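Chains Z and E are the protein sequences, given in the same order.
Under our numbering, the letters of the first sequence match residues 11 to 359, in that order.
Under our numbering, the letters of the second sequence match residues 6 to 70, in that order.
Every residue gets a Cβ at the ideal spot worked out from N, C-alpha and C, and that includes glycine.
The model shown is predicted, which means the values in this text are computed figures rather than measured ones.
Worksheet: the structure to be examined is printed underneath.
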Amino acid sequence: MKKAILYINQFFAGIGGEEKADHAPEIREGVVGPGLALKSHLGKDVQITHTIICGDNYMGSHTDEAITEILSLLSNEEFDIFFAGPAFRAGRYGAACGHICKAVQDNFNVTAITSMNDENPGVEMFRKELYIFKGAASAAGMRKDTKSMARFALKVLGNEHLLSAMEEGYYSRGIRRQVVTNPPVLAADRVVDMFINKLYNKPFETELEIPEIDRVPIAPPINKLGDATIALITSGGIVPVDNPDRIQSASATRWGRYSVEGIDKLLAGEYKTIHAGFDPTAANNDPNIIMPIDVMKSYESEGVIGKLHEYFYATVGTGTTQAEASRMGQEMLEKLKEANVDGVILTST
Amino acid sequence: MANIIPVSKTVGVNKMVATLSIPYPLGDPSTSIEEQWKVRYHRVGVALNALMTNIEDQTLFSTKF
Numbered sequence: 011m012k013k014a015i016l017y018i019n020q021f022f023a024g025i026g027g028e029e030k031a032d033h034a035p036e037i038r039e040g041v042v043g044p045g046l047a048l049k050s051h052l053g054k055d056v057q058i059t060h061t062i063i064c065g066d067n068y069m070g071s072h073t074d075e076a077i078t079e080i081l082s083l084l085s086n087e088e089f090d091i092f093f094a095g096p097a098f099r100a101g102r103y104g105a106a107c108g109h110i111c112k113a114v115q116d117n118f119n120v121t122a123i124t125s126m127n128d129e130n131p132g133v134e135m136f137r138k139e140l141y142i143f144k145g146a147a148s149a150a151g152m153r154k155d156t157k158s159m160a161r162f163a164l165k166v167l168g169n170e171h172l173l174s175a176m177e178e179g180y181y182s183r184g185i186r187r188q189v190v191t192n193p194p195v196l197a198a199d200r201v202v203d204m205f206i207n208k209l210y211n212k213p214f215e216t217e218l219e220i221p222e223i224d225r226v227p228i229a230p231p232i233n234k235l236g237d238a239t240i241a242l243i244t245s246g247g248i249v250p251v252d253n254p255d256r257i258q259s260a261s262a263t264r265w266g267r268y269s270v271e272g273i274d275k276l277l278a279g280e281y282k283t284i285h286a287g288f289d290p291t292a293a294n295n296d297p298n299i300i301m302p303i304d305v306m307k308s309y310e311s312e313g314v315i316g317k318l319h320e321y322f323y324a325t326v327g328t329g330t331t332q333a334e335a336s337r338m339g340q341e342m343l344e345k346l347k348e349a350n351v352d353g354v355i356l357t358s359t
Numbered sequence: 006m007a008n009i010i011p012v013s014k015t016v017g018v019n020k021m022v023a024t025l026s027i028p029y030p031l032g033d034p035s036t037s038i039e040e041q042w043k044v045r046y047h048r049v050g051v052a053l054n055a056l057m058t059n060i061e062d063q064t065l066f067s068t069k070f
């Protein structure tokens, strides 16, 4: 027998609507509200032992406290899987489901499953980190949405082979994985088939959905370059020759930063590129052609810039997903902010 | 600083400076060391100027060589 716990809001628990949205977290034994539908799809081998209830506004305006309280309520319980929702198109409820699923996943190392309508802002907030199933706009879809959540939970609990996001029915998390097609058709044949279908305006299914573009606001200009600290970042894989951070040569998930204090250029034999997407000969002979430390040091000594930031940052940009790239960018940004860097030049290959 | 500017445009880069090629963005190894330095110094300089420039839309900053 496997154990499950479900998170729902005050409305679906039957406590009340907006006037009760400040309801503090509580735990109840057994099944409440949507748990009945979920239970019917889970069958005999999975039992919903408890239901966590929290008001949407409580979670929305005291998120950290709400999560801490709920984690402490859960800490006495044993469970193999966690559910939240379904949240349909309810925005605050969707965000709440996302927050609590993520916290549970991070703290208890169990899979968390929720469901939302594609218009629910919780989808974009949490899709990269959670299994969020594509759900209906309103509670009229309760049976169907709880069924998708239950079906997938049974597969996870049974250690069954999990298919792609599209096949399973959840929002893509931006993760790519190699698979062998059945029947085996070469990539070159598949792409030509797709192209021919496209030319004839016939339907075709892409194997690489390009995520919607996340536009970055234009940064205000630097007023006095002569006082500014400038940093260099590259996706061209320039690292010390022993690649101390073991950054992958393709589909990178890691990055490194390397001190250039006291040196006036990168020397061949000390630095190289580990990028697997182009012929490395030129860059290995002179790493400055990708990571232009030499000219930046020159601009520094001429006083054109105030200072070259003491580290350069590097990762590999081939096969790297936008999800990983944006995470690595955020991590680098923290370091750059700590060092009061004013501007960054990124070199790509 | 990128070689395939249309990709940079598509992914939403705001300030762009073109480089020479994919494997050698800032120094063509078939040219002299002096020539490579000159190109690299110039193009990185264009990028530095770009950091000081106020723009309204995505902009490709032009290079002389």
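Report task. Quickly, what does DSSP pair Z/I257 with across the bridge? List them, please. Result -> To locate residue 257 of chain Z, count along the first sequence from 1; it is residue 247. Beta-bridge pairing links Z/I257 to no other residue.
Requested in this report: Sort out for me which residues DSSP pairs E/T64 with in a bridge.
Outcome: The residue labelled residue 64 of chain E in the question sits at position 59 within the second sequence. E/T64 is bridged to E/K20.
Query raised in the report: Is the segment 30-39 of chain E touching the segment 268-276 of chain Z in the sense that three or more CB pairs, one from each, lie closer than 8 Å?
Result: no
Query raised in the report: How about E/A23: is its C-beta nearer than 8 Å to some C-beta of chain Z?
Result: Taking the second sequence and counting its residues from 1, one reaches residue 23 of chain E at position 18. Not one chain Z Cβ lies under 8 Å of E/A23.
Query raised in the report: Among the residues of its own chain, which have a CB less than 6 Å from the CB of Z/E129, if the five just before and after it don't count?
Result: Locating residue 129 of chain Z in the first sequence gives position 119, where the first residue counts as 1. So the qualifying residues of the chain are R99.
Query raised in the report: Among Z/W265, Z/N298, Z/T263, which one has its Cα closest to the Cα of Z/L277?
Result: Start at 1 with the first residue of the first sequence, and residue 277 of chain Z comes out as number 267. Selected option, being the one with the closest Cα: Z/N298.
Requested in this report: Please decide whether Z/V7 counts as near chain E, where near means a Cβ-Cβ distance under 8 Å.
Outcome: Residue coverage of chain Z in this structure runs from 11 to 359, which leaves residue 7 of chain Z outside it and unanswerable.
Requested in this report: Determine the chain Z residues that contact E/I60 at a beta-carbon separation under 9 Å, and present them in chain order.
Outcome: To locate residue 60 of chain E, count along the second sequence from 1; it is residue 55. Those within 9 Å of E/I60 in chain Z are I228, P231.
**Report entry** Cα-Cα separation between Z/N233 and E/T68, rounded to whole angstroms
**Finding:** Along the first sequence, one-based indexing puts residue 233 of chain Z at 223. Along the second sequence, one-based indexing puts residue 68 of chain E at 63. So the alpha carbons of these two residues sit roughly 22 Å apart.
Query raised in the report: When DSSP labels each residue in this structure, what does Z/N207 get in the three-state scheme?
Result: Along the first sequence, read from residue 1 onward, the residue named residue 207 of chain Z stands at position 197. Reduced to three states, the DSSP call for Z/N207 is helix.
Query - Any chain E beta carbon closer than 8 Å to Z/F322 - result: For the purposes of this step, residue 322 of chain Z is taken as residue 312 along the first sequence, with counting starting at 1. For Z/F322, the answer is no, since every Cβ of chain E falls outside 8 Å of its Cβ.
Query raised in the report: Would you call the segment 9-24 of chain E and the segment 339-352 of chain Z touching, i.e. three or more CB-CB distances under 8 Å?
Result: no
Requested in this report: Thinking Z/I220 and Z/G353 are a contact (beta carbons under 8 Å), I'd like their distance in whole angstroms, please.
Outcome: For the purposes of this step, residue 220 of chain Z is taken as the residue at position 210 of the first sequence. For the purposes of this step, residue 353 of chain Z is taken as the residue at position 343 of the first sequence. Contact flag wrong, Cβ pair sits at about 29 Å.
Query - Supposed contact pair Z/Y68 and Z/K113 - C-beta distance, whole angstroms, cut 8 Å - result: As a position in the first sequence, residue 113 of chain Z is number 103, starting the count at 1. As a position in the first sequence, residue 68 of chain Z is number 58, starting the count at 1. It is worth fixing the name first, because residue 113 of chain Z is Ala in this sequence and not Lys. With 8 Å as the limit, Z/A113 and Z/Y68 do not qualify as a contact, their Cβ atoms being about 15 Å apart.
Query raised in the report: If we cut at 8 Å on Cβ distances, does E/I10 have a partner in chain Z?
Result: In the second sequence, the residue the question calls residue 10 of chain E occupies position 5. Chain Z contact via Cβ: absent.
Requested in this report: For the beta strand (DSSP E) containing Z/K144, list its first residue and its last residue.
Outcome: Locating residue 144 of chain Z in the first sequence gives position 134, where the first residue counts as 1. Run containing Z/K144: 141-144, per the beta strand (DSSP E) assignment.
Query raised in the report: So the beta strand (DSSP E) Z/Y323 belongs to, where does it begin and stop?
Result: As a working note, residue 323 of chain Z is residue 313 in the first sequence. Residues 317-324.
Query raised in the report: If you run the structure through DSSP and keep just helix, strand and coil, what is Z/H51?
Result: As a position in the first sequence, residue 51 of chain Z is number 41, starting the count at 1. If DSSP states are grouped into helix, strand and coil, Z/H51 belongs with the helices.
Requested in this report: Can you pull the chain E residues whose beta carbon is under 8 Å from the beta carbon of Z/L218, in chain order?
Outcome: Within the first sequence, the letter at position 208 stands for residue 218 of chain Z. Per Cβ cutoff of 8 Å: no residues; Z/L218 is ~14 Å from chain E at best.
Query raised in the report: With which residues is Z/V56 paired in a DSSP beta bridge?
Result: Mapped onto the first sequence, residue 56 of chain Z falls at position 46. Answer by DSSP bridge pairing, in chain order: Z/K12.
Query raised in the report: Do Z/G108 and Z/L140 have their C-beta atoms within less than 8 Å of each other?
Result: For the purposes of this step, residue 108 of chain Z is identified with residue 98 of the first sequence, where counting begins at 1. For the purposes of this step, residue 140 of chain Z is identified with residue 130 of the first sequence, where counting begins at 1. Yes, Cβ-Cβ distance for Z/G108 and Z/L140 is below 8 Å.
Report task. Measure from the C-beta of E/L56 to each C-beta in chain Z and report whether the shortest distance is under 8 Å. Result -> By one-based count along the second sequence, residue 56 of chain E stands at place 51. Cβ-Cβ to chain Z under 8 Å: yes for E/L56.
Query raised in the report: Leaving out the 5 sequence neighbours to the left and right, which residues in its chain are closer than 8 Å to Z/R200 when beta-carbon positions are compared?
Result: For the purposes of this step, residue 200 of chain Z is taken as residue 190 along the first sequence, with counting starting at 1. Answer for Z/R200: T191, E217, listed in chain order.
Report task. Quick one: give me the first and last residue of the beta strand (DSSP E) that Z/F93 is part of. Result -> By 1-based counting over the first sequence, the position of residue 93 of chain Z is 83. It spans 91-94 - the beta strand (DSSP E) in which Z/F93 sits, taken as one unbroken run.
Query - Option nearest E/L5 by Cα separation, candidates Z/I315, Z/G26, Z/D74 - result: Outside the displayed range of chain E (6 to 70) lies residue 5 of chain E, so it cannot be described from this structure.
Query raised in the report: Would a C-beta distance cut-off of 8 Å place Z/T283 and Z/I300 closer than the cut-off?
Result: Within the first sequence, the letter at position 273 stands for residue 283 of chain Z. Within the first sequence, the letter at position 290 stands for residue 300 of chain Z. Cβ atoms of Z/T283 and Z/I300: closer than 8 Å.
Query raised in the report: What are the partner residues of E/N59, as DSSP defines its beta bridges?
Result: Here residue 59 of chain E refers to the residue found at position 54 of the second sequence. E/N59 is not bridged to any residue.
Query raised in the report: Mind checking if Z/N294 is an interface residue toward chain E, Cβ cutoff 8 Å exclusive?
Result: The residue given as residue 294 of chain Z occupies position 284 in the first sequence. It does not; no Cβ of chain E falls within 8 Å.
Query - Listed by chain order, chain E residues near Z/N119 by CB distance under 8 Å - result: What you label residue 119 of chain Z is simply residue 109 of the first sequence in a count that begins at 1. Neighbours of Z/N119 on chain E: none; closest Cβ ~34 Å, over 8 Å.
Query raised in the report: Going by the CB atoms, is the gap between E/V49 and Z/P302 shorter than 8 Å?
Result: If you number the first sequence from 1, residue 302 of chain Z lands on position 292. If you number the second sequence from 1, residue 49 of chain E lands on position 44. In contact: Z/P302 and E/V49 (Cβ atoms closer than 8 Å).
**Report entry** DSSP beta-bridge partners of Z/S269
**Finding:** Within the first sequence, numbered from 1, the residue matching residue 269 of chain Z stands at position 259. DSSP lists Z/Y321 as partners of Z/S269.
Query raised in the report: Are any of the Cβ atoms in chain B nearer than 8 Å to that of Z/S148?
Result: Among the protein chains in the structure shown, which are Z and E, there is no chain B.
Query - Short Cβ contact (8 Å threshold) for Z/H60 with Z/I25 - result: As a working note, residue 60 of chain Z is residue 50 in the first sequence. As a working note, residue 25 of chain Z is residue 15 in the first sequence. No, these two residues do not count as a Cβ contact at 8 Å.
Query raised in the report: In its own chain, which residues sit with a C-beta less than 6 Å from the C-beta of Z/M126, not counting the 5 before and 5 after it?
Result: Start at 1 with the first residue of the first sequence, and residue 126 of chain Z comes out as number 116. Within the same chain, Z/M126 has close Cβ partners A97, G104, G132, V133, I142, G145.
Report task. Mind checking which residues open and close the alpha helix (DSSP H) that includes Z/A106? Result -> The count along the first sequence starts at 1 and reaches residue 106 of chain Z at position 96. Note, Z/A106: alpha helix (DSSP H), 101-118.
Query raised in the report: In chain order, what residues of the same chain lie with their CB nearer than 8 Å to the CB of Z/D255, ignoring the 5 residues before and after it?
Result: Translated into the one-based positions of the first sequence, residue 255 of chain Z becomes position 245. Correct list, in chain order: V249, R264, W265, G266.
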